[in-house]
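Protein chains in written order, with our numbering: chain A, 169 to 472; chain B, -3 to 542; chain C, 111 to 433. The beta-carbon is built from N, C-alpha and C at its ideal position, and this holds for glycine as well. Notes follow once the structure below has been shown.
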């Protein structure tokens, strides 16, 4: 996120700043994006170190400790439930930590595959133009307008349920959206003199696409990528809520809100509240982070 | 807090008393008037009881129709107490060696459009159910295979001639789906008219059905049961999500739900509203069954299947699951408490997986798996995408199997592909299946475990079971019946472990305490005419205001 | 201009046909059908004869190719058929829910506009101040919350709050009464989902208002206005806001179109008898005809709104027409 004014300032101050100072400066200039970054970082840490952070096996049912309130000790003698337990006596804290793993797996995989596939299609569509572009754009129209739930249901019904299937269901609608945005940026780049020049000296299509066009559509691509991260987590939650997502006993935030969570909303409010909060905070963080990326990359929005 | 809890306990006890003690209450004077708002968790596919099988149709539509006979509305918890609805006097005893039933039909009954009801209508109705013409559907035709012919010699008499004497005839006639239609409607409009139109002679008259929202009915002023119904009308509101139905009762938007809530939901309601909530509870004629696919290795090996059954701690499961799911009672293949079914003591001593030493059972399970060479078996449990009780029980089973070293993954499918997988594609390892019948009729219900029964999806053949079942059907002597029943049960659960029982369902109905006169039955299909229900107006005003 | 409109309209056709083919295929890839589900017999014996009759009646026993031809013929003659579940005409099933979905779309759009415009303007005017950060955080929180979770919290809040303040718990009505029959009853049911949805949808509109305002505030004529010494309030209200409106109106129009397609999840939580709930039900019941019609409705609304937006931009910017 090196903006021009930073480099000007560092010219004036040749002394190297410490990392802490840099962070402090970033936090002042982009407090929301910074906060978002911290949330994202925390999630990554939770996901990577889940086995060391979680006090319990997230899938181990323990019927002696059903719906224990937050901050209680286990009736079995050992263990402490920081956020309470669910209807199967499973530790919510551990499930939320492991849930970060599921959320990030779904979020990153869907966002990265979706945006890269969209990048490829968008650039190709713009570069080749003609009938290829026309037909591809019509296909993209179809997928953009198509309701996600039908796609998800078909995928679940054909391939079964599970994290990987949820990723497929979520990735498919991302591809056309990214392709559409990338294509319109690439269309502008295509007309640039240097692309003509590359073509005239006989470079192949692949080389022109990857070396000359793709790097110039990085800004919209990154904006889409970061926007997809938060969205994927929300979509996973919605699909799980409709019973089409990740299945028991896998720890996943959306799944934790489904079924029992509503029934016990009152007598055991911790069951719906903590996973819901986890989703909200995570998506909030990703969106703040994404906004900061957008601000940094989109020249029209950059503060003047 | 304490007083609330005691009140709660009291209301549960009262509810149980209601369910068990027949007709001991309702001594206070019934009041007339008011509209009952009930919430229904399933959609109405059509109005035709003869082809449908969902309570989503029974709850809103049943009150518009009459039956020939029915489960006694004053004693619905009894599985053997049937009374006349459109017939007069007691349910007739058969003559001609049990092969002829003669019903005297009530006079002066009219359909909603004013047409008088005669025996011809009853004959036409049962002809449609038992002998539908080519191209006309009838979902329960198979229940009436014993009927040879139906006659209506005069306006007041209907005679059923059976091919052979059968103990399942009367319970089958009493099934709440057997709406009596007017012959005139069938003649004039054809056999499909009732799918989209309503003309019945029940306690309520049809007013409107707004698709997806509600069905409403008003009191039938000419209803033939003296003094009934008490209500001016009712409104059956569609609400597919359980949490919505629960919140609606709590938030004053509905008075009652007839299918059943999980125990925690009951506790929440009682905690929030205290004595404004009445609770009735009952065993439920529905059961979840583990169905291994015998065509898939290693589930063709009885030792593996027995190990799966042995791993399940049913008593422990009952204790815990009954706090979070609509299951509770440990039972064999017959409805618990029915005279023919096995007692808990018998099951504990004689059936695998019911013994009280859980650790010993599990050791035995591990040995069996070792013998079969499948110690660390990995497989998928196919389940239906419905939370209560399927997914709760499924998650519990996986945990039980984990305890004997098995690695089981749950494969949940929405209802349509679930049925397709279970019934036609058969590409599962082990599946949860269920049996949920209206009238309690164990001898008919256990055909679920019969390889040739048409509803057994574990895909195997066993001549011994077939022979036992035929013998059981043709035996009149109760002692002999019990003996054959036990042999059949042992064959299914022990020798073959072809399928096995998890826990029987448990029906819990919390509702607003101003709703009076309703009695719980062991099935959510039964006793749904609403004619006995009345509203305590003073209490209603107290709870919901003007 | 007219030739551009005609060209744009012709492009809509392949999209609609493509979507029609896609929904047809995806639905048939799911094993089982409506008859198997409907006559499943609650786990007991299901009469195979009855299931066969049902499949025959609905044409499900036909080879898939014939089913497809039949469907496409119906599609082009605008004969959508009857629901496979209720046997009511599909148009009637949709018609019943359309009023509710339209009403909630209007209400939610109003809520989102009421939230988005002032917040977006304030946020732009106070760019990079704590006020701006707070407004942005507030609006992003709206999209970060799962809509059903917000719905659950609202209902719980109403139940607990009403019991605490008025002594008896209250929740919004769960059956649909049209607004002209009983406005009070109707609004007391729909205001809550409208608030939840409007808040959620205000996020994008707020962001759009903010960035459009920022852009306009840096235009020359605004600088001129400032130089003339006009006070900031007048500049924002008279000069900037008016010119920032076009993209904002566009985004609100697109959101309205999305809302019309039904609120799949929110309608579940509040038990609203709208298109979203109908959609979920028709999908879970494998009601092919109804699902196909609903998908086509959603797709048609989507492409139509995009078409209108394109036309509007082409009208405003003639260069687009000749591109």
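Exercise for the section: Flag this pair as yes or no: are the beta carbons of residue 338 of chain B and residue 311 of chain B separated by less than 8 Å? Expected result: no
Exercise for the section: Would you kindly report the start and end of the unbroken beta strand (DSSP E) that includes residue 367 of chain B? Expected result: Premise fails: residue 367 of chain B lies in the alpha helix (DSSP H), 354 to 368, not in any beta strand (DSSP E).
Practice task
Give the residues of chain C in contact with residue 210 of chain B, contact being defined as C-beta atoms less than 7 Å apart.
Solution key: 285
Exercise for the section: For residue 128 of chain B, count neighbouring C-beta atoms within 10 Å of its own C-beta (all shown protein chains included) and say buried if the count is 16 or more, exposed if not. Expected result: buried
Exercise for the section: Report the residues of the region 139 to 167 of chain C with a CB closer than 9 Å to any CB of chain A, ordered along the chain. Expected result: 139, 140, 141, 142
Handout entry: Beta carbon of residue 455 of chain B nearer than 8 Å to that of residue 486 of chain B
Key = no
Exercise for the section: In the DSSP assignment, find the alpha helix (DSSP H) that holds residue 210 of chain B and state where it starts and stops. Expected result: That residue, residue 210 of chain B, is in no alpha helix (DSSP H); its beta strand (DSSP E) goes 210 to 215.
Exercise for the section: Thinking residue 297 of chain B and residue 368 of chain B are a contact (beta carbons under 8 Å), I'd like their distance in whole angstroms, please. Expected result: 5 Å
Exercise for the section: Taking the CB atoms as reference points, tell me whether residue 256 of chain C and residue 405 of chain A lie closer together than 8 Å. Expected result: yes
Practice task
Reducing DSSP to helix, strand and coil, say where residue 78 of chain B ends up.
Solution key: strand
Exercise for the section: Starting from residue 514 of chain B, follow its DSSP beta bridges and name the residues at the other end. Expected result: Looking at the DSSP assignment, residue 514 of chain B forms no beta bridge with any residue, so it has no partner.
Handout entry: Contact list for residue 340 of chain B against chain C, beta-carbon separation under 7 Å
Key = Those do not exist, as residue 340 of chain B stays about 24 Å from chain C at its closest Cβ, beyond 7 Å.
Practice task
Could you list the residues in the region 388 to 419 of chain C with a C-beta less than 9 Å from some C-beta on chain B, going in chain order?
Solution key: 388, 390, 391, 393, 394, 395, 396
Exercise for the section: Could you tell me if residue 378 of chain A is buried or exposed, where buried requires 16 or more neighbouring beta carbons within 10 angstroms of its beta carbon? Expected result: exposed
Practice task
Determine, using beta-carbon pairs with one atom in the region 338 to 348 of chain B and one in the region 395 to 405 of chain B, whether at least three such pairs fall under 8 Å.
Solution key: no
Practice task
Taking the CB atoms as reference points, tell me whether residue 275 of chain B and residue 505 of chain B lie closer together than 8 Å.
Solution key: yes
Practice task
Say whether chain B places a C-beta atom closer than 8 Å to the C-beta of residue 464 of chain A.
Solution key: no
Exercise for the section: Note down the Cα distance separating residue 188 of chain B from residue 288 of chain C, rounded to an integer number of angstroms. Expected result: 31 Å
Exercise for the section: Would you tell me roughly how many angstroms separate the C-alpha atoms of residue 163 of chain B and residue 414 of chain B, rounded to the nearest one? Expected result: 34 Å
Practice task
Give the DSSP-derived three-state secondary structure of residue 380 of chain A in the structure shown.
Solution key: helix
Handout entry: Under 8 Å between C-beta atoms of residue 227 of chain B and residue 31 of chain B
Key = yes
Problem - Spatial neighbours of residue 411 of chain B in its chain, beta-carbon cut-off 8 Å, leaving aside the 5 residues before and after - result: 380, 381, 382
Exercise for the section: Anything in chain A within Cβ reach of residue 260 of chain B, meaning under 7 Å, just list it in chain order. Expected result: 431, 432, 435
Problem - Proximity below 8 Å, CB of residue 388 of chain B to CB of residue 466 of chain B - result: no
Practice task
Give a yes or no on contact between the region 101 to 120 of chain B and the region 143 to 155 of chain B, applying the rule of three or more CB pairs nearer than 8 Å.
Solution key: yes
Practice task
Identify, in the order they occur along the chain, each residue of the same chain with its Cβ nearer than 8 Å to the Cβ of residue 434 of chain B, setting aside the five sequence neighbours on each side.
Solution key: 171, 172, 173, 281, 519, 521, 522
Practice task
With residue 271 of chain C as the anchor, note down where its alpha helix (DSSP H) starts and where it stops.
Solution key: 257 to 276
Problem - Length of the line joining the Cα atoms of residue 362 of chain C and residue 29 of chain B - result: 49 Å
Practice task
Could you check if residue 173 of chain C is buried or exposed, using at least 16 other CB atoms within 10 Å of its CB as the buried criterion?
Solution key: exposed
Exercise for the section: Could you tell me whether the Cβ of residue 376 of chain C comes closer than 8 Å to any Cβ of chain B? Expected result: no
Practice task
Answer yes or no: do residue 136 of chain C and residue 322 of chain A have a C-beta to C-beta separation smaller than 8 Å?
Solution key: yes
Exercise for the section: Can you check DSSP and say which residues form a bridge with residue 544 of chain B? Expected result: With chain B represented from -3 up to 542, any question about residue 544 of chain B goes unanswered, as that position is not in the structure.
Exercise for the section: With 7 Å as the limit, tell me which residues of the region 140 to 170 of chain B have their beta carbon closer than that to any beta carbon of chain C; keep them in chain order. Expected result: none
Problem - CB contact below 8 Å: residue 206 of chain A versus chain C - result: no
Exercise for the section: Could you check if residue 425 of chain C is buried or exposed, using at least 16 other CB atoms within 10 Å of its CB as the buried criterion? Expected result: exposed
Practice task
State yes or no: is the beta carbon of residue 405 of chain A nearer than 8 Å to at least one beta carbon in chain C?
Solution key: yes
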